[in-house]
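Written below as structure tokens is the structure these notes are about.
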Amino acid sequence: MSEGNKFKRPVFYYVDVSGAGLQLDSFEELAMPLFDQLYNFAHWLTQNREEAEDLVQETYAKALKGFSSFQLGTNFRAWMYRILRNTFLTSRTGLKVTMTIPLDAEEDGPELAVEHDTPETLLFERLNRELLQSTIDELPVHFREIFLLCEVEEMSYQEISETLSIPIGTVMSRLSRARKTLRDRLRPQPHVGTAATEKGANHGL
14 MSEGNKFKRP
24 VFYYVDVSGA
34 GLQLDSFEEL
44 AMPLFDQLYN
54 FAHWLTQNRE
64 EAEDLVQETY
74 AKALKGFSSF
84 QLGTNFRAWM
94 YRILRNTFLT
104 SRTGLKVTMT
114 IPLDAEEDGP
124 ELAVEHDTPE
134 TLLFERLNRE
144 LLQSTIDELP
154 VHFREIFLLC
164 EVEEMSYQEI
174 SETLSIPIGT
184 VMSRLSRARK
194 TLRDRLRPQP
204 HVGTAATEKG
214 ANHGL
């Protein structure tokens, strides 16, 4: 969890029908280990600590309320991330960022996502962390969330597909585009000034 995340984990009160105590215990056992991961993902999405805190609190409240609809034995982590993501997309911040997302022709052709431990991912690890973070923050949210779920949360393509309710092909296409965008933005630019100086010096010979 980031150093700025000092807010307390949610405390659940669930008093209603018989068996509610057992349901609450089951929910806490499954949900609380995911708290730090969900907060970090929320912070990446909102880029604001207070909004991330509110998003996580609302996610847990919605998840507890709808826990009876969760099918035990299925992917609980994907279920929680899906609630958080959908809550974000319907928030004021989420609506604002999704209105300007260019998903131009993202479904054109089956672009294969690059696997782990490629030259690109090794480059990401060597880069200044702040530069990488700011560059990821600039990605459109639909690309950013898939990149984070894959590279940071280490979800499989299948898990990401379940979390975002999109086909695996779309996951791979968006991930490929996210990585390409990061490579393009992080690639060192030629030193135009140096080249011009050398050219001028050559003319003087």
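Quick note, the sequence shown lines up with residues 14 to 218 if you use our numbering. All residues carry an ideal CB built from backbone N, CA and C; glycine is no exception. No experiment lies behind these values; they were computed from the predicted model shown.
| query | Shortest alpha-carbon distance to residue 73 belongs to which of 99, 190, 58? | reply | 99
| said: Can you list, in chain order, the residues of its chain with a C-beta nearer than 7 Å to that of residue 175? Leave out the 5 residues immediately preceding and following it. | reply: 88, 91
| field | Contact belief for residue 145 with residue 101 at Cβ below 8 Å, rounded distance in angstroms | value | Residue 145 to residue 101, Cβ: 22 Å. No contact.
| Should residue 189 be labelled buried (16 or more other beta-carbon atoms within 10 Å of its own) or exposed? | buried
| query | According to DSSP, is residue 199 helix, strand or coil? | reply | helix
| said: Output needed for residue 148: all residues of its chain with C-beta closer than 8 Å, excluding positions within five of it in sequence on either side, in chain order. | reply: 195, 198, 199
| query | Does the beta-carbon of residue 45 have 16 or more other beta-carbons within 10 angstroms, so that it is buried, or is it exposed? | reply | exposed
| query | Ordered along the chain, which non-local residues of its own chain (more than five positions away) have a Cβ less than 6 Å from that of residue 172? | reply | 91
| Going by the C-beta, is residue 159 closer than 7 Å to any heavy atom of the ligand MG? | Looking for the ligand MG in the displayed structure turns up nothing, as the structure carries no ligands at all.
| When the Cα atoms are used, what is the spatial distance from residue 81 to residue 180? | 26 Å
| task | Classify residue 93 as helix, strand or coil using the three-state DSSP reduction. | result | helix
| request: Keeping to the same chain, check which residues put their C-beta closer than 7 Å to that of residue 58; ignore five residues upstream and five downstream. | output: 101, 154, 158
| request: Please state whether DSSP places residue 165 in a helix, a strand or coil. | output: coil
| query | How far does the alpha helix (DSSP H) with residue 77 in it reach, from first residue to last? | reply | 62-78
| query | With DSSP run on the structure shown, which of helix, strand or coil describes residue 86? | reply | coil
| Cα-Cα, which of 191, 96, 151 is closest to residue 75? | 96
| query | Taking the continuous alpha helix (DSSP H) assigned at residue 176, which residues delimit it? | reply | 170-177
| task | Buried or exposed for residue 42, please, with buried defined as at least 16 other CB atoms from any protein chain shown within 10 angstroms of its CB. | result | exposed
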